[in-house]
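Below is one structure; the comments refer to it alone.
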Amino acid sequence: MSSAPIGVFDSGVGGLSILAGIHELMPTESLLYLADSAHAPYGPKGESYIRERCDGIMQFFLQHEVKAVVVACNTATAAAIAWMRDRYTLPIIGVEPAVKPAAELSAKGIVGVLATSGTLASDKYITLHKRFTHEVEIITRACPGLVELIEDPDPDEIAIRQLLTEFTEPMITKGADTLVLGCTHYSLITEVIQQVVGKEVRIVDSGKAVALQLQRKLPDALASGDESGIRFYSTGDITMQSRLLQRYWGQAIVVSKAEGI
Ligand code: DGL
């Protein structure tokens with residue numbers, strides 16, 4: 000059982016930012032990454048659509064006999080994790096915007112949150128947001144179009160910077176000194192975001208927290224052994240996805256088609 004793989008998925012490449020943290024913390028675990036690229040972005044889609052996607056992805060993972068699943072997507076976590084946990088008994092770990100650490104870190108008590116419209120509109124996020132509004136001022140901003148640009152095989156960096164400026168300028172002007180990346184895609188372009196908001200703004204995401212949570216949930220995880228492999232799958236066009244995943248993963252990888260979902 001403990002040598003079984005761990006399934007990690009996102010609507011596309013975003014979850015690689017979570018996968019990297021897991022691989023670093025648990026290098027002997029074998030990992031199976033699924034990018035649901037044919038159905039990205041999830042952000043503007045409704046809850047029932049995302050739940051249906053998650054259900055198909057769970058079937059895929061169960062066929063591959065995974066021992067745990069990481070929902071490396073804030074939008075899917077918000078829309079579907081409670082629903083998934085009701086249906087499946089294996090450990091399912093999700094990701095949510097790092098509002099708590101940001102509230103603790105902010106010297107001025109003003110925090111900005113960038114996320115998808117789906118995440119920000121969800122009951123799960125609204126509950127999280129309300130828990131901290133007595134401690135800090137939280138300025139949220141949905142980022143339509145940003146995930147599409149990150150998923151573009153030939154990314155337009157000027158367009159990315161323009162969008163980031165549009166989304167972050169109002170919160171920086173209001174004094175936000177801490178910025179939460181509430182979508183796993185945004186973590187892939189942390190350096191560009193840092194350049195846009197300036198180096199005095201602290202950027203936080205949930206990557207490390209998810210890896211630690213996974214480790215806590217798997218007490219029988221492999222403590223030692225050889226470094227294990229990562230298998231990459233996508234529901235999208237394999238040639239294009241190989242290029243894209245490789246760019247953000249930083250090394251050559253083989254991407255297989257996720258059939259039947
Ligand atoms: N990476 C995802 C998230 O963390 C989803 C982005 C999208 O597909 O819209 O929210």
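Just so we're aligned: 147 in numbering that gives the first Met the number 0 is position 148 of the sequence shown, and the numbers increase by one with no gaps anywhere. Yeah, the Cβ is synthetic: ideal placement off N, Cα and C, and Gly gets one too. Everything numeric in this text was worked out from a predicted model, so none of it was measured.
Nearest C-alpha to residue 11 among 180, 30, 34 and 146: 34. Under the DSSP assignment, residue 196 falls in the alpha helix (DSSP H) whose first and last residues are 189–196. For residue 241, the three-state secondary structure derived from DSSP is helix. The region 72–86 makes contact with the region 42–60; the number of CB pairs closer than 8 Å reaches 3 or more. If you draw a straight line from the Cα of residue 237 to the Cα of residue 215, it comes to about 34 Å.
Residue pairing by DSSP places residue 141 opposite 114 in a beta bridge. Contact between residue 145 and residue 71 does not hold, since the beta-carbon distance rounds to 17 Å and is not under 8 Å.
Taken in chain order, the complete beta strand (DSSP E) segments of 3 or more residues contained in the region 53–128 are 67–70 and 109–114.
Short of 8 Å from the beta carbon of residue 210, and not among the five residues preceding or following it, lie these beta carbons of its own chain, in chain order: 17, 20, 21, 23, 24 and 25. For residue 210, there is no enclosing beta strand (DSSP E); the enclosing alpha helix (DSSP H) covers residues 206–216.
The beta carbon of residue 70 sits no closer than 7 Å to any heavy atom of the ligand DGL. With a cut-off of 7 Å, the C-beta of residue 146 is classified as near the ligand DGL, since at least one heavy atom of the ligand falls inside that distance.
No heavy atom of the ligand DGL is found nearer than 7 Å to the CB of residue 53.
For residue 158, the enclosing alpha helix (DSSP H) begins and ends at 156–172.
Beta bridge pairing from DSSP links residue 6 with 31 and 68.
In the three-state DSSP reduction, residue 202 falls in the strand class (E or B). Nearest neighbour of residue 166 by Cα position, chosen from 187, 192, 184 and 150, turns out to be 192. With contacts defined as CB atoms closer than 8 Å, residue 162 and residue 142 qualify as a contacting pair. Its Cα nearest to that of residue 175, the residue 199 stands out among 188, 160, 199 and 157.
Residues of the same chain with a CB within less than 6 Å of the CB of residue 115, apart from the 5 flanking positions on each side, are 42, 74 and 182 in chain order.
Residue 128 has its Cβ no nearer than 7 Å to any heavy atom of the ligand DGL. Residue 44 counts as buried, since no fewer than 16 other beta carbons sit within 10 angstroms of its beta carbon. In terms of Cβ geometry, residue 159 and residue 188 form a close pair [threshold 8 Å]. For residue 78, same chain residues with a beta-carbon under 7 Å away, outside a window of 5 residues either side, are 46, 49, 50, 117 and 121 in chain order. Approximately 19 Å separates the beta-carbon atoms of residue 94 and residue 4; this is outside 8 Å, ruling out the contact.
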